[in-house]
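Peer 1:
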Amino acid sequence: MKFLLALTLLSGASAFVQQHVGGAPPTFGGGLTQLHARQPIMAGNWKMNPATEDDALELASDLVGRLGEETCAVSDFEGCTEVVVFPPYPFISKVKDIAAEAGVTIGAQTIVYQDKGAFTGGVAASMVKSIGCEYILCGHSERRTVFKEDDDDIDREVLKVLDAGMKPILCIGETQEEFDLDISTEVCIMQLSKDLFGVTKEQMKDVVIAYEPVWAIGTGLVCGSKEANAMHVSIRDCLRNLYDDEVAENTRIQYGGSVTPDSVDDLMAQPDIDGCLVGGASLSAEKFARIANFEKS
Ligand code: PGA
Numbered sequence: 059m060k061f062l063l064a065l066t067l068l069s070g071a072s073a074f075v076q077q078h079v080g081g082a083p084p085t086f087g088g089g090l091t092q093l094h095a096r097q098p099i100m101a102g103n104w105k106m107n108p109a110t111e112d113d114a115l116e117l118a119s120d121l122v123g124r125l126g127e128e129t130c131a132v133s134d135f136e137g138c139t140e141v142v143v144f145p146p147y148p149f150i151s152k153v154k155d156i157a158a159e160a161g162v163t164i165g166a167q168t169i170v171y172q173d174k175g176a177f178t179g180g181v182a183a184s185m186v187k188s189i190g191c192e193y194i195l196c197g198h199s200e201r202r203t204v205f206k207e208d209d210d211d212i213d214r215e216v217l218k219v220l221d222a223g224m225k226p227i228l229c230i231g232e233t234q235e236e237f238d239l240d241i242s243t244e245v246c247i248m249q250l251s252k253d254l255f256g257v258t259k260e261q262m263k264d265v266v267i268a269y270e271p272v273w274a275i276g277t278g279l280v281c282g283s284k285e286a287n288a289m290h291v292s293i294r295d296c297l298r299n300l301y302d303d304e305v306a307e308n309t310r311i312q313y314g315g316s317v318t319p320d321s322v323d324d325l326m327a328q329p330d331i332d333g334c335l336v337g338g339a340s341l342s343a344e345k346f347a348r349i350a351n352f353e354k355s
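To convert a position in the sequence shown, counted from 1, into our numbering, add 58.
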């Protein structure tokens, strides 16, 4: 069963890779031989929280008050961590003004890939760009499962975000069922290959990947740091096959799924984990500030 599923997924992935780069089907395996300086990136995904604007502004102010000097915007990386928060749409503008005081960047939790028109409820990339968003989450598992977005939709979103001059955080990860079938790597490779279809090497400078095992999201089950790192190595290998060494080694890959102040230091001590995408714990300024100020080993 695992063999058949893996074969199906990998042959699908190979076809996409060939369309990507026009070459022979890739091999997957191996690991990083060299460590590169990648700026850590900690992101807080507030999801559909908190309930009111007042609560959102209080959370943002509390966070700004707690973040130390080790956090900064991406441009002047010198050992500091980039911090991004993703509030719900109605709160973005005001949260941005507060967050800017601490060099915190703002993102939106999703966009639709169409530019404008009759898409009731839709929000376009240009709209969130015009209010100061720099990052957009693409392919979050809740968008995939609850809102039925498929890899084709996610690929179009990634391309639209890049086209608009913003940066996608592309979320990938296996479900519990796929984990049990031991096809996690194949699933992640397939998602990466499809969701990055048409993205150029040049554009990859602005792409962040988040490995989020679905079984770890909101469940309190954190993937072991060594296991998470092993998946990050496989993701880099896939990027190496889709692009080249430079992209594989420069792309930042976050881990997401029940990250807390208790688990962050171990995760961040792993060589291929460059940051975390945090849901539940980002709703506590105290916890998220501790995560952002993780212990540097
Ligand atoms: P969690 O969510 O930290 O609550 O598990 C992570 C996410 O959904 O990105």
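Glycine included, each C-beta is placed from N, C-alpha and C at the ideal position.
1. List the DSSP bridge partners of F149.
2. Looking at the secondary structure, which residues open and close the beta strand (DSSP E) in which P226 lies?
3. A158: which of V143, A166 and L195 sits nearest, CA to CA?
4. Terminal residues of the continuous alpha helix (DSSP H) containing I247?
5. Out of G338, S251, V204 and Q172, which has the shortest C-alpha to C-alpha gap to G278?
6. Compute every distance between the C-beta of T436 and the non-hydrogen atoms of the ligand PGA, then say whether any falls below 8 Å.
7. Given the structure, does S199 come close to the ligand PGA, in the sense that its CB is under 8 Å from one of the ligand's heavy atoms?
8. What's the C-alpha gap between D264 and M326?
9. Write down every uninterrupted run of the alpha helix (DSSP H) in the region 153-233 whose length is 4 residues or greater and which is fully enclosed by it, in chain order.
10. Check the C-beta distance from A347 over to L125 and give it rounded, since I have them as a contact under 8 Å.
11. Considering just the uninterrupted stretch of the beta strand (DSSP E) at F346, what are its terminal residues?
12. What do you get for D208, buried or exposed, if any count of 16 or more other CB atoms within 10 angstroms of its CB means buried?
13. Name the one or two DSSP bridge partners that E111 has.
14. So, is I156 buried or exposed, given that buried needs 16 or more other C-beta atoms within 10 angstroms?
15. On the criterion of 16 or more Cβ atoms from any shown chain inside 10 Å, does G282 qualify as buried, or is it exposed?
16. If I'm right that L220 touches Q249 with Cβ under 8 Å, what's the distance once you round it to whole angstroms?
17. Taking C334 as part of the beta strand (DSSP E), name the residues at either end of that continuous run.
18. Indicate whether D196 and K154 have their beta-carbon atoms separated by less than 9 Å.
19. In the DSSP assignment, what are the bridge partners of M106?
20. Compare the C-alpha of D113 against each of G123, V216 and F149 and name the closest.
21. Count the other CB atoms, across all protein chains shown, that sit within 10 Å of the CB of Q312; report buried if there are 16 or more and exposed otherwise.
22. What did DSSP end up calling G123 once you bin it into helix, strand or coil?
23. Using a 10 Å radius around the Cβ and a threshold of 16 neighbouring Cβ atoms, would you call V266 buried or exposed?
24. At a threshold of 8 Å, does A268 count as lining the ligand PGA (C-beta to nearest heavy atom)?
25. With the cut-off set at 9 Å, would you say C246 and E235 are in Cβ contact?
26. How about K284 and Q328: are their beta carbons less than 9 Å apart?
27. For the region 286-331, list the alpha helix (DSSP H) runs that are entirely contained and at least 4 residues long, ordered along the chain.
Peer 2: In short, the structure shows the following:
1. Working through the sequence shown from its first residue, we reach residue 149 at position 91. Note: F149 sits in no beta bridge, so no partner.
2. Start at 1 with the first residue of the sequence shown, and residue 226 comes out as number 168. Unbroken beta strand (DSSP E) run through P226: K225 to I230.
3. Reading the sequence shown from its first residue, position 100 is the one you call residue 158. Checking every option, the nearest Cα to that of A158 belongs to V143.
4. Sequence index remark: in the sequence shown, residue 247 carries index 189 (1-based). I247 -> alpha helix (DSSP H) spans S242 to D253.
5. For this step, residue 278 is matched to residue 220 along the sequence shown. For G278, the nearest C-alpha among the options comes from G338.
6. In the structure displayed, the chain extends from 59 to 355; residue 436 sits before or after that span and is not available.
7. Position 141 of the sequence shown, counted from the first residue, corresponds to residue 199. It does: the Cβ of S199 is within 8 Å (strictly closer) of some heavy atom of the ligand PGA.
8. Residue mapping note: residue 264 aligns to position 206 of the sequence shown, counting from 1. Residue mapping note: residue 326 aligns to position 268 of the sequence shown, counting from 1. Their backbone Cα atoms lie some 21 Å apart in a straight line.
9. 183-188, 199-203 and 209-221
10. Taking the sequence shown and counting its residues from 1, the one referred to as residue 347 is at position 289. Taking the sequence shown and counting its residues from 1, the one referred to as residue 125 is at position 67. Contact flag correct, Cβ pair sits at about 5 Å.
11. For the purposes of this step, residue 346 is taken as residue 288 along the sequence shown, with counting starting at 1. Counting along the chain, F346 falls outside any beta strand (DSSP E), though it belongs to the alpha helix (DSSP H) covering A343 to A350.
12. For the purposes of this step, residue 208 is taken as residue 150 along the sequence shown, with counting starting at 1. Label assigned to D208: exposed.
13. As a position in the sequence shown, residue 111 is number 53, starting the count at 1. Paired residues: none, contrary to the question.
14. What you label residue 156 is simply residue 98 of the sequence shown in a count that begins at 1. I156 is buried by the Cβ-count criterion.
15. By 1-based counting over the sequence shown, the position of residue 282 is 224. Label assigned to G282: exposed.
16. Here residue 220 is taken as the residue at index 162 of the sequence shown, counted from 1. Here residue 249 is taken as the residue at index 191 of the sequence shown, counted from 1. Rounded, the Cβ-Cβ distance is 17 Å, inconsistent with contact.
17. Walking along the sequence shown from the start, residue 334 turns up at place 276. That run of the beta strand (DSSP E) goes G333 to V336.
18. Residue mapping note: residue 196 aligns to position 138 of the sequence shown, counting from 1. Residue mapping note: residue 154 aligns to position 96 of the sequence shown, counting from 1. The amino acid at residue 196 is misidentified as Asp; the sequence shows Cys. Cβ atoms of C196 and K154: not closer than 9 Å.
19. As a working mapping, residue 106 is identified with position 48 in the sequence shown. Partner(s): none; M106 has no beta bridge.
20. Sequence index remark: in the sequence shown, residue 113 carries index 55 (1-based). If we check each option's Cα against that of D113, F149 comes out closest.
21. Taking the sequence shown and counting its residues from 1, one reaches residue 312 at position 254. Buried, since its Cβ has 16 or more Cβ neighbours within 10 Å.
22. Translated into positions along the sequence shown, residue 123 becomes position 65. G123 falls in the helix class under three-state DSSP.
23. Residue 266 sits at position 208 when you count from the first residue of the sequence shown. Buried.
24. Translated into positions along the sequence shown, residue 268 becomes position 210. Yes; taking the cut-off as 8 Å, the Cβ of A268 has a heavy atom of the ligand PGA nearer than that.
25. The sequence position of residue 246 within the sequence shown is 188, counting from 1. The sequence position of residue 235 within the sequence shown is 177, counting from 1. The answer is no: Cβ separation not under 9 Å.
26. Locating residue 284 in the sequence shown gives position 226, where the first residue counts as 1. Locating residue 328 in the sequence shown gives position 270, where the first residue counts as 1. Yes, the Cβ-Cβ distance between K284 and Q328 is below 9 Å.
27. 303-308 and 319-326
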